[in-house]
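K.L.:
Okay, here's the structure, questions in a sec.
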Amino acid sequence: MLIFHILGYIDNNINKEFPIERGLRQGDPLSPFLFLIAAEGFNVMMTSIVEAGLYHGYRVGTQDGVSLSHLQFADDTLILGMKSWANERYMRAVLILFEQVSGLKINFHKSMLTRINIPSSCLLEAASVLSFRMGALPFVYLGLPIRGDARRLEFWQPILNHISTRLSSWNNKFLSFGSRLIHLKYVMSSLPVYFLSFFKAPTCIISSI
């Protein structure tokens, strides 16, 4: 299986002069909705080539299984597919078409191509065709490691480092007891919750936290 991890888009006209005029600016509450409209176009393109039998995603489950071709959250897109020249060809066609239609340009510096159970030579060929950089497992998607072993201590090390960094930056002598309590309840306690909602932590990690 090949995993295309597209992380971010940039303006296709970034090197061109633009006129100064009234309109939406960065931080405007309406801006995310406009981007979602453009991202929905990519979803329609992917769905169309999958329904036409041109692109084959990764099937999960044997009986009444689900075929996954892409996952989207804001500008972080994950595309899953079987290793084949047809998939690579149509994937590249969809990416080029999306750039032409939306006016956005895929940020290949942040995007990567990862393999699962296929030779590294096949990954090299696909990366050269699609102009993606090669990645390796585990990688981070939406803040969570993909294909990491939650039973190993190094899996939880980023969380421990994050908590340690937050604690070291506090100067407790300038905080009252109530302020320290609020920081512990609403800042420190929220850091591991996202990880713990997906993975079961070993006892030693809980003790360290």
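Residue numbers for the sequence shown follow the working numbering, so the first one is 1 and each next one is one higher.
Backbone N, C-alpha and C define an ideal beta-carbon position, used for all residues, glycine too.
1. Does the Cβ-Cβ distance between I79 and S69 come in under 8 Å?
2. May I ask which residues mark the beginning and end of the alpha helix (DSSP H) holding Q157?
3. So if DSSP puts S67 in a beta bridge, which residue, or which two residues, is it bridged to?
4. Assess contact between the stretch 133-143 and the stretch 96-113, defined as three or more Cβ pairs (one per stretch) separated by less than 8 Å. Is contact present?
5. Rounded to the nearest angstrom, how far is the Cβ of A38 from that of L104, given a contact under 8 Å?
6. My output table needs one value for M188: the three-state DSSP class, helix, strand or coil.
7. Under the rule that 16 or more other beta-carbon atoms within 10 Å means buried, what is A127, buried or exposed?
8. Report yes if the CB atom of R59 is closer than 8 Å to the CB atom of G65, and no otherwise.
9. Three-state secondary structure (DSSP) at P29?
P.N.:
With the structure as the only source:
1. yes
2. Q157 to S168
3. Partner residues in the beta bridge of S67, as assigned by DSSP, are R59.
4. yes
5. Contact holds; Cβ gap of about 6 Å.
6. helix
7. buried
8. Yes; because the gap between Cβ atoms is below 8 Å, this pair is in contact.
9. Note: P29 maps to coil in three-state DSSP.
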